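Numbering (our numbering), first residue to last: 5 to 157.
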Ligand code: RP5
């Protein structure tokens, strides 16, 4: 992690990586300094907490968290930081991601996770939303977001 890293993308399993490629591409396109980690809320709870605390202290401003099945990861990250957390439900398993969607979106009051959709638009929107948050204080990202929006006309 460098001191410039402002977005952290955490996934619950290496098997989630392919689904996240569109997010990685967009973050690069917006000129955002990001990093990624594979850390499971269930299988590596201690390592996950240590990483979130370290990333938080070192200057990460937005966390993106992707997980499938019961998908505790985004909520657990939100428990350890007051920075914005964006959750991506990963499709798969017998319920095709609806389980992950409901797990991530239904956070109890006071500890929100901004949740995007289950399909391929989910990772895209997570990256755009992270860029929108950062654009509040970063003029370069704001301009790139405007260009991105214009390119969709
Ligand atoms: C979740 O369980 C992961 O985020 C992944 O989407 C799902 C399956 O994980 P693996 O069995 O592929 O490691 O924790």
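We treat Cβ as the ideally placed atom computed from N, Cα and C, and that holds for glycine.
Just so it is clear, the structure is predicted and the values come from calculations on it, not from any experiment.
- Straight across, the Cα-Cα distance linking residue 154 with residue 148 is about 10 Å.
- Distances from the CB of residue 135 to the heavy atoms of the ligand RP5 are all 7 Å or more.
- Pairing residue 59 with residue 117, the inter-Cα distance amounts to about 18 Å.
- By the neighbour-count criterion, in which a residue is buried when 16 or more other Cβ atoms sit within 10 angstroms of its Cβ, residue 72 is buried.
- CA-to-CA, the gap between residue 102 and residue 8 works out to about 35 Å.
- Taking every protein chain shown into account, the CB of residue 99 has fewer than 16 other CB atoms within 10 angstroms, so this residue is exposed.
- Distance from the Cα of residue 41 is smallest, within the candidate group 32, 34, 30 and 77, for 77.
- Between residue 93 and residue 122, the beta carbon gap of about 5 Å places them in contact (Cβ cut-off 8 Å).
- Counting along the chain, the unbroken beta strand (DSSP E) around residue 70 starts and ends at 66-71.
- Around the C-beta of residue 107, 16 or more other C-beta atoms lie within 10 Å, and the residue is accordingly described as buried.
- Neighbourhood of the ligand RP5, defined by CB distance below 5 Å to any of its heavy atoms: 16, 17, 19, 20, 71, 72, 73 and 94, in chain order.
- Note: residue 16 is not bridge-paired with any residue in the DSSP secondary-structure output.
- Under DSSP, residue 91 shares a beta bridge with 69 and 119.
- Within the same chain, Cβ atoms closer than 6 Å to the Cβ of residue 14 are found at 41, 43 and 69, the five residues on either side in sequence being excluded.
- In chain order, 72 place their CB closer than 6 Å to the CB of residue 96, counting only its own chain and leaving out the 5 sequence neighbours on each side.
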